[in-house]
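Accompanying notes for the structure given below.
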Amino acid sequence: MNARPPLELRPELLAPAGHQLSNAHLDALEEETIFILREVAAAFERPTLLFSGGKDSLVLLKCAEKAFGTGNLPYPLLMIDTGHNFPEVTAFRDQRAKELGAELIVRSVEDSMKRGTVRLAHAGESRNAHQSVTLLEAIEEFRFDALIGGARRDEEKARAKERIFSHRDGFGQWNPKAQRPELWTLFNTRLAPGEHFRVFPISNWTELDVWQYIARENVALPSLYYTHQREVVERKGLLVPVTELTPPKAGEQVVVRDVRFRTVGDITCTCPVASTAANANDIVIETLAAEVSERGATRMDDQTSDASMEKRKKDGYF
Numbered sequence: 011m012n013a014r015p016p017l018e019l020r021p022e023l024l025a026p027a028g029h030q031l032s033n034a035h036l037d038a039l040e041e042e043t044i045f046i047l048r049e050v051a052a053a054f055e056r057p058t059l060l061f062s063g064g065k066d067s068l069v070l071l072k073c074a075e076k077a078f079g080t081g082n083l084p085y086p087l088l089m090i091d092t093g094h095n096f097p098e099v100t101a102f103r104d105q106r107a108k109e110l111g112a113e114l115i116v117r118s119v120e121d122s123m124k125r126g127t128v129r130l131a132h133a134g135e136s137r138n139a140h141q142s143v144t145l146l147e148a149i150e151e152f153r154f155d156a157l158i159g160g161a162r163r164d165e166e167k168a169r170a171k172e173r174i175f176s177h178r179d180g181f182g183q184w185n186p187k188a189q190r191p192e193l194w195t196l197f198n199t200r201l202a203p204g205e206h207f208r209v210f211p212i213s214n215w216t217e218l219d220v221w222q223y224i225a226r227e228n229v230a231l232p233s234l235y236y237t238h239q240r241e242v243v244e245r246k247g248l249l250v251p252v253t254e255l256t257p258p259k260a261g262e263q264v265v266v267r268d269v270r271f272r273t274v275g276d277i278t279c280t281c282p283v284a285s286t287a288a289n290a291n292d293i294v295i296e297t298l299a300a301e302v303s304e305r306g307a308t309r310m311d312d313q314t315s316d317a318s319m320e321k322r323k324k325d326g327y328f
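Take the sequence shown: its letter number 132 is residue 142 in this note's numbering, and every next letter is one higher.
What follows is the structure, encoded as structure tokens:
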């Protein structure tokens, strides 16, 4: 199956000539996010902010900086590292945490493998789904009662079911039928011993909102998000990056393409898209024309079935 062609702009979706796409709604989204970040700080004893160095977590961190000020974040940053992350992203993660004077906690799937709590079916298996185990171990280690994440409802069907304050039971599991109502932005934060919340302050944002905000606020991102040349192979409708972890298979032709990443995760399951967008404003235009969500367009681990993410979330995934 051929890879998807470069995004084609649909003129009917673009702003009329001489006009700019409105971003007035970003103020309301930012205000809601800041309110939620402050609510977490006020309502919980041991919260943490999940920070991967990706665009959503960097937007979340920008809002946290506005909410509390540089050097004054009331909770640490937590990164669950598969050991197969893009080095550009982990380097940017460390740099940004240092700039903000924030405490950064990193826990590794490889350490879980050494403890025997994570066992791969084979050496080439993606470690992405196994982050759930390492995350639950970190929650137990630090007794976190709230974990703030950058998930959005527009990304995927299971995430669309998620409340902003998503209750998790004593096993870290999510039950979509047992979520608490959030009428008038009133959040029920009561917890029994051993339970915790996953909190998603940018739930109501879309990918377009995120890129408009990045453009407006000049949020710095890892270079992978912008166009660059990379060796790829076409596989199952995706452009798979050629790396030591994802080598070409027999019969596949390696080509060099102008690409960028819409999302950055584990190398073994994250694919770029064809693009010549060199800045956030260019990506805003591309996003207007996109007809497939960023996870659907770039994540090999979400191609198995519509229920794949929901199953992982029930097992404790982000």
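Quick reminder that beta carbons are idealized off the backbone N, C-alpha and C, glycines included.
All values reported here derive from a predicted model rather than from experimental measurement.
- Query: Do ALA287 and TYR236 have their CB atoms nearer than 8 angstroms?
  - Reply: yes
- Rounded to a whole number of angstroms, what is the C-alpha to C-alpha distance between ALA74 and GLY180? Taking the straight line joining both Cα atoms gives about 28 angstroms.
- Item | Integer-rounded CB distance, given that ALA53 should sit under 8 angstroms from THR199 | 4 angstroms
- Query: Under the DSSP definition of a beta bridge, which residues are partnered with SER118?
  - Reply: ASP91
- Message: If contact is defined by three or more beta carbon pairs under 8 angstroms, each pair taking one atom from either stretch, is the region 248-255 in contact with the region 215-224?
- Response: Remark: fewer than three beta-carbon pairs, one from each stretch, lie closer than 8 angstroms, so the region 215-224 and the region 248-255 are not flagged as touching.
- Item | Supposed contact pair VAL274 and GLY64 - C-beta distance, whole angstroms, cut 8 angstroms | 5 angstroms
- Item | Buried versus exposed call for THR43 [16 or more other C-beta atoms within 10 Å across all chains shown] | buried
- Would you kindly report the start and end of the unbroken alpha helix (DSSP H) that includes SER136? No alpha helix (DSSP H) contains SER136, which DSSP labels as neither H nor E.
- Any idea if VAL302 is buried or exposed, counting beta-carbon neighbours within 10 angstroms, 16 or more meaning buried? exposed
- Any idea what DSSP makes of SER142, helix, strand or coil? helix
- Classify THR199 as helix, strand or coil using the three-state DSSP reduction. Reduced to three states, the DSSP call for THR199 is coil.
- Item | Residue range of the alpha helix (DSSP H) that includes PRO97 | 97-110
- Are at least three pairs of beta-carbons, each pair with one atom in the region 80-99 and one in the region 178-197, less than 8 angstroms apart? no
- Query: Going by beta carbon distance, what residues of the same chain come within less than 8 angstroms of GLU262, once the five residues before and after it are set aside?
  - Reply: VAL243, GLU244, ARG245
- Task: Within the same chain, show all residues whose beta-carbon is closer than 7 angstroms to that of VAL143, passing over the 5 residues directly before and after it, in chain order.
- Result: Cβ neighbours of VAL143 beyond the five flanking positions: SER122, THR127, VAL128.
- Message: To test your reading of the DSSP string, which unbroken beta strand (DSSP E) runs of 3 or more residues are found completely within the region 207-278?
- Response: 238-245, 248-251, 265-270
- Label LEU130 either buried or exposed according to how many other C-beta atoms from any shown protein chain fall within 10 Å of its C-beta, with 16 as the threshold for buried. Per the 10 Å Cβ criterion, exposed.
- So what's ARG57 in DSSP terms, helix, strand or just coil? Inspection of the sequence shows that residue 57 is occupied by Pro rather than by Arg. In the three-state reduction of the DSSP assignment, PRO57 falls in the strand class, which pools E and B.
- Item | Among GLU192, PHE152, ALA156, the one whose alpha carbon lies nearest that of LYS171 | GLU192
- Is the Cβ-Cβ distance between ILE158 and VAL209 less than 8 angstroms? yes
- Same chain, Cβ closer than 8 angstroms to ARG270, five either side skipped, listed in chain order: LEU234, TYR235, TYR236, THR237, HIS238, PRO282, VAL283, SER285, ALA287, ILE293
- Along the beta strand (DSSP E) that carries SER176, what are the first and last residues, could you check? Note, SER176: beta strand (DSSP E), 175-178.
- Under the three-state DSSP convention, the category SER47 falls into: Correcting the residue identity first, residue 47 is Leu in this sequence and not Ser. Of the three classes helix, strand and coil, the one that applies to LEU47 here is helix, per DSSP.
- Pull up the distance between the alpha-carbon of LYS124 and that of LEU71, whole angstroms please. Each residue's alpha carbon lies about 32 angstroms from the other.
- Grouping DSSP H, G and I as helix and E and B as strand, with all else coil, what is THR280? strand
- Where the beta strand (DSSP E) through LEU83 begins and ends: Element bounds for LEU83: n/a, residue is neither H nor E.
- Task: Tell me where the alpha helix (DSSP H) around ALA299 begins and ends.
- Result: 290-299
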